[in-house]
Every structure is written in structure tokens, then in C-alpha cells.
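Asker: Residues -15 to 70 (our numbering) are what the sequence shown spells out, left to right.
Glycine is no exception: its CB is placed at the ideal position from the N, C-alpha and C atoms.
Fair warning: this is a prediction, and the values are worked out from it, not measured in the lab.
Sharing a structure, written as C-alpha cells. Questions coming.
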Amino acid sequence: MADLYLALAIAEAAIIGILFGRLAVGPTVSDRIVALNTMSTQAALATLFFAAYADRTVYLDVAIWLASFSYLGAIIWSRYLERGLL
-15 MADLYLALAI AEAAIIGILF GRLAVGPTVS DRIVALNTMS TQAALATLFF
35 AAYADRTVYL DVAIWLASFS YLGAIIWSRY LERGLL
């Protein structure tokens, strides 16, 4: 079962790499914000898979903080973009 969790964490890292390309090349700022938000969500998921693989609960706290800051960051960037400041 541990091998499955490790494979899933590696797959999430590959998805993050693909999203990084979208972040770098995105035609609009909105595309970049969505890519960054999705990347951070995938990073939180990869952290959860790694926590299951390593059988360490301390990584669960890291995943929760990462997901929380991802959500707040998306809201802040969206408000900033909505007001036309970017």
C-alpha cells in the first residue's frame, strides 16, 4: 500500500510540473491565478499522499496549512484583479 501512496505523490508532482508550464505561459492573468491555485492544491494533495506513505501525521498539518493559504491567496489575487489594479 505504501508503494501506491508513493506513486500517487510522484504523479501529483508531475501534474504540478505541467501546471507550472501553464503558469509560465498562461495567456491571461486569470489563467495564471487558476494555475497557481491548482498547483498549491495539488501540492497539498501530494503532501497528504506522502504523509500516508511515510506514516507521519506531522505532514497532515503542513497539508492543511498549505490548502488554507492557497485558498486565501486565490481570494486575495481575485480581489486584486477584480478592482483593476493589475
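Throw me the rounded Cβ distance for the Arg16 and Leu7 pair, which I believe falls under 8 Å.
Answerer: Correct: roughly 5 Å between the Cβ atoms.
Asker: Across the stretch 49 to 57 and the stretch -9 to 2, are there enough close Cβ pairs to call them in contact, namely three or more that are closer than 8 Å?
Answerer: Contact between the stretch 49 to 57 and the stretch -9 to 2 is absent, because fewer than three Cβ pairs lie under 8 Å.
Asker: Cα separation between Ala(-7) and Phe33?
Answerer: Each residue's alpha carbon lies about 5 Å from the other.
Asker: Note down, one range per segment and in chain order, each alpha helix (DSSP H) of at least 4 residues found wholly within the stretch 7 to 49.
Answerer: Whole alpha helix (DSSP H) segments, 4+ residues: 13 to 38.
Asker: Helix, strand or coil: how does DSSP classify Gly68 here?
Answerer: Three-state DSSP puts Gly68 in coil, outside helix and strand.
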